Structure formats: structure tokens, C-alpha cells
Amino acid sequence: MTKWIGLGTIAISSVGIFFGFYYYFSGDVQLAVAIVTATTVGLTGVLAWTRHFIFHKQDAKALGWETERPDWMFEVGFANLGFGVAGLLAVFADMGLSSHLKAEAIALLGYSAYLFQAGLLHGYRYFTDKKKMAIRLWRYCLLTLVVAGMMAFFGIAALIHP
Numbered sequence: 053m054t055k056w057i058g059l060g061t062i063a064i065s066s067v068g069i070f071f072g073f074y075y076y077f078s079g080d081v082q083l084a085v086a087i088v089t090a091t092t093v094g095l096t097g098v099l100a101w102t103r104h105f106i107f108h109k110q111d112a113k114a115l116g117w118e119t120e121r122p123d124w125m126f127e128v129g130f131a132n133l134g135f136g137v138a139g140l141l142a143v144f145a146d147m148g149l150s151s152h153l154k155a156e157a158i159a160l161l162g163y164s165a166y167l168f169q170a171g172l173l174h175g176y177r178y179f180t181d182k183k184k185m186a187i188r189l190w191r192y193c194l195l196t197l198v199v200a201g202m203m204a205f206f207g208i209a210a211l212i213h214p
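Just so you know, we're using this note's numbering here: the sequence shown kicks off at 53 and counts up by one.
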């Protein structure tokens, strides 16, 4: 199940970033940022919580981090859920803010910072572990860093948009 949730998050993020760039270069920065926020932060955050919390045993095994005490998996899941909810609220809730773009920028930049650190951790684990897992390098490290970079791009775009 965790494999499918992980692939689902990749698909959702990819589609969101694709449409984000489409609308960004079409001149609708606000819609572009909303789409990227809802997909890469909101939906992906909620799905990551599902993977890390509900299916924590399968997820830990897939990551090569099996443990009898999954507290840290729960903590990671809660962080994902927090960002996910914040991202969805930033896009869909009228919180009396002068600009949804600013709330979305915060959600994007916060979650991209978190994912950047996670990608670096996976890269560190790949290069320091005796057993080299290609999925850790390509999917958990490099793909995570690429998505985090694109999310940061849209977060910065939201902040500098007039």
C-alpha cells in the first residue's frame, strides 16, 4: 500500500507542478501558485501522513528503517499532515488575509524546506549505508530535492508577485 501512496504523491505533485508552470507562463500566477500549493503541499502532505502514520510498519520497511518504536514515524507523519492542512487552508479557506498568495508562499516554502531536509537525509543514508538502495537515491533523495526546488520556486514567485 505504501508503494501506491508514494507513487500517488509523485503523480499528484507532477500534475500540480505541470499545471503550475502552464498557468504561470500563461500569466495567471495566482492560479499557478494555488494549484501547486494544493497538490504538492495539501494533498501530498495528507497522503504522506497516511503513509507514515497509518501504514508506518510498511513504510519503515520500504525505507529500510524498521523499528519496534515507530514514534519518529508518527512525528514525521504529523509534520506532513500539519503542512498538508496548512496548504489546503491557504488555498481554499478565506482566513481574512489580504492575499492568499502570501499564505500559499508560506506553505510552499515551509514544506519545501522540510522536504529539502528529508531529501538530504535520504542522500546521506544512501551514501553512508553499506547496502545501497537505488530507490533511496533516485526517488527519496533526488526526486524529493527536485520537487522541493520547484515548490520553492513557486513560493518565491508568490512572494515577489505584485
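Built from N, CA and C at the ideal position, the CB exists for glycine as well.
Because the structure is a prediction, the values reported are computed rather than measured.
**Prompt:** Excluding five sequence neighbours on each side, which residues of the same chain lie with their C-beta closer than 8 Å to the C-beta of alanine 86?
**Reply:** Val143, His152, Glu156
**Request:** State the start and end residues of the unbroken alpha helix (DSSP H) segment that holds aspartate 123.
**Result:** 123-144
**Request:** Evaluate phenylalanine 135 with the Cβ neighbour count: other Cβ atoms within 10 Å of its Cβ, from every protein chain shown; 16 or more gives buried, anything less gives exposed.
**Result:** buried
**Item:** Inter-stretch contact at 8 Å, needing at least 3 Cβ pairs: the stretch 100-110 / the stretch 75-83
**Value:** no
**Request:** Sort Trp56, Val67, Ala170, Gln82 by Cα distance to histidine 213 and report the nearest one.
**Result:** Gln82
**Pairwise C-alpha distance: threonine 119 and leucine 167** = 22 Å
**Asked** Where does alanine 186 land, buried or exposed, given buried means 16+ other C-beta within 10 angstroms?
**Response** exposed
**Message:** Taking its Cβ as the centre, do 16 or more other Cβ atoms sit within 10 Å of alanine 63, making it buried, or is it exposed?
**Reply:** exposed
**Item:** CB-CB length for threonine 96 against serine 65, believed under 8 Å
**Value:** 5 Å
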